[in-house]
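In our numbering, the protein residues as written are 159 to 380.
Quick reminder that beta carbons are idealized off the backbone N, C-alpha and C, glycines included.
Predicted, not measured: the structure shown is a model, and the values here were computed from it.
Reading through the structure tokens given below for one structure.
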């Protein structure tokens with residue numbers, strides 16, 4: 159165990175507590191290399207949380223886990239946070255980030271793009287509803303709405319209000335198949351934030367190129 163102040167009895171207690179919490183106590187006598195990938199990941203989470211440090215780093219702790227086991231890890235994480243530990247958790251699972259995080263930091267190319275609570279980030283979106291529909295063969299569906307995410311043979315449409323969403327569903331139903339209708343979430347906010355960043359970067363690059371062209375013209379004239 160990582161805490162030097164603990165006795166052997168303390169260490170055994172913590173080991174049992176966290177292996178039970180992560181559903182791994184029954185495998186305690188197995189060699190680690192004989193465990194499955196998901197079991198090894200749960201053991202790693204147990205080892206990381208067991209010292210009950212003030213700050214803990216978890217790097218994608220639920221990758222490769224089935225839904226039920228993933229929820230077990232989520233519960234362990236939230237219980238640890240409730241005791242006063244700060245956990246820095248990296249993940250590509252937006253549902254995970256939205257469900258268990260108090261604050262979300264979106265990083266792109268090593269740069270922090272935004273830092274706020276999941277709900278604040280979702281509420282900052284200019285739309286509230288998402289509709290997933292098949293792509294119409296004549297592509298008229300893409301022209302119906304400006305806020306779209308092209309997914310090959312399916313398209314995600316975004317609407318500002320429930321009335322607008324239902325109207326869009328009626329229109330899409332005439333030319334395609336509507337698969338789902340629901341409220342936007344953190345994944346939609348993530349996509350929107352990155353799109354906004356790319357637009358700003360593109361506009362900045364274009365402005366810089368125009369300025370460089372003007373400077374070149376001035377240089378030639380002089």
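So if DSSP puts residue i in a beta bridge, which residue, or which two residues, is it bridged to?
{"i": "residue 273", "result": "263"}
{"i": "residue 313", "result": "291, 308"}
{"i": "residue 340", "result": "288"}
{"i": "residue 258", "result": "BP columns for residue 258 are empty, so no partner."}
{"i": "residue 319", "result": "Beta-bridge pairing links residue 319 to no other residue."}
{"i": "residue 244", "result": "213"}
Can you name, in chain order, every residue of its own chain whose Cβ lies under 8 Å from the Cβ of residue i, other than the five neighbours on each side?
{"i": "residue 198", "result": "190"}
{"i": "residue 159", "result": "Because residue 159 sits at a pLDDT of 45, beneath the cut-off of 50, its placement in the model cannot be relied upon, and the point is left open."}
{"i": "residue 182", "result": "197, 200, 201, 204"}
According to the Cβ coordinates, are residue i and residue j closer than 8 Å?
{"i": "residue 204", "j": "residue 176", "result": "yes"}
{"i": "residue 275", "j": "residue 260", "result": "yes"}
{"i": "residue 291", "j": "residue 337", "result": "yes"}
{"i": "residue 352", "j": "residue 266", "result": "yes"}
{"i": "residue 244", "j": "residue 212", "result": "yes"}
{"i": "residue 196", "j": "residue 256", "result": "no"}
{"i": "residue 215", "j": "residue 241", "result": "no"}
{"i": "residue 239", "j": "residue 307", "result": "no"}
For residue i, which residues from the same chain have a beta carbon less than 6 Å from its beta carbon, with the 5 sequence-adjacent residues on both sides left out?
{"i": "residue 174", "result": "none"}
{"i": "residue 311", "result": "293"}
Suppose the cutoff is 7 Å on Cβ atoms and the five residues either side in sequence are ignored; what does the same chain contact list for residue i look like?
{"i": "residue 270", "result": "263"}
{"i": "residue 323", "result": "287, 289, 317, 339"}
{"i": "residue 217", "result": "248"}
**Message:** Using 8 Å as the cut-off, can you tell me whether the segment 273-291 makes contact with the segment 311-321, which would need three or more C-beta pairs spanning the two stretches below that distance?
**Reply:** yes
**Prompt:** Taking only runs of the alpha helix (DSSP H) that begin and end inside the segment 181-216, which ones reach a length of at least 4 residues, in chain order?
**Reply:** 195-207
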